[in-house]
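One structure is given below, encoded as structure tokens.
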Amino acid sequence: MNKIYFIIPIILLIIGLIPFFFVHLHGPNNSEVCIIGTPKVGYSYIPIESEFHVNASEYINITIKETGNQAEAICYIRQDGNTIPGFNVTVIVNGSRDYGSSIPPGINNITLLLTGYTLENTTAYMYLENGQNIELNL
453 MNKIYFIIPI ILLIIGLIPF FFVHLHGPNN SEVCIIGTPK VGYSYIPIES EFHVNASEYI
513 NITIKETGNQ AEAICYIRQD GNTIPGFNVT VIVNGSRDYG SSIPPGINNI TLLLTGYTLE
573 NTTAYMYLEN GQNIELNL
């Protein structure tokens with residue numbers, strides 16, 4: 453009888469760990485983000501800003517290819533010691549969909565709306581959630 457009380461918790465523990473093995477075997481999202489073409493920087497007011505209730509100080513139009521199966525978040529953008537946090541970047545996809553501060557999967561024309569910051573017309577680096585560092589030649 454004492455063996456049953458010992459075996460039951462072990463069986464429950466094994467059954468409880470099965471979902472963790474499936475999550476571990478699935479693995480992380482191995483995505484890669486690359487820029488197609490040259491980013492275009494603008495400083496004037498664009499209609500997208502009022503549609504999404506964002507007062508942007510600058511916008512960047514980019515065509516990006518994201519090969520993963522889920523959106524990749526922008527952690528920050530850095531240029532010459534200045535850092536723009538990800539929450540100050542709004543990503544608008546194909547002129548109609550707000551993705552917060554994440555880059556969606558697939559090939560998309562995106563507009564990065566920067567609030568409270570501007571970038572000079574030199575090289576900036578965009579750091580993503582997956583650890584990737586993307587060079588923006590502005």
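Heads up, the sequence shown is in our numbering, so the first residue is 453 and it goes up one at a time. From the three backbone atoms N, C-alpha and C, an ideal C-beta is built for every residue, glycine too.
According to DSSP, is residue i helix, strand or coil?
i: I460; result: helix
i: S502; result: helix
i: L588; result: strand
i: L465; result: helix
i: G538; result: helix
i: P556; result: coil
Indicate whether at least one CB of chain D lies closer than 8 Å to the CB of residue i.
i: F539; result: Given the protein chain composition of this structure (a single chain), no chain D is represented.
Checking 8 Å against the spacing of the C-beta atoms, do residue i and residue j come in under that value?
i: A576; j: L565; result: no
i: F504; j: D550; result: yes
i: Y569; j: I544; result: no
i: N540; j: T567; result: yes
i: T542; j: S483; result: no
i: T563; j: Y497; result: no
Please report the distance separating the alpha-carbon of residue i from that of residue j.
i: T490; j: N561; result: 12 Å
i: C516; j: V485; result: Position check: residue 516 holds Ile in this sequence, whereas Cys was assumed. Their Cα atoms are separated by approximately 7 Å.
i: I555; j: K492; result: 17 Å
i: I514; j: G538; result: 17 Å
i: I463; j: I487; result: 50 Å
i: E501; j: S509; result: 10 Å
Pick from the options: whose alpha carbon is nearest that of residue i?
i: L580; options: T563, A523, I459; result: A523
i: Y528; options: S553, N513, I467; result: S553
i: N521; options: P557, L465, L464, A508; result: P557
i: G494; options: M578, G547, L571, I466; result: L571
Who pairs with residue i in a beta bridge, going by DSSP?
i: I526; result: L580
i: L571; result: DSSP output for L571 lists no bridge partner at all.
i: D550; result: I544
i: K517; result: C486, I559
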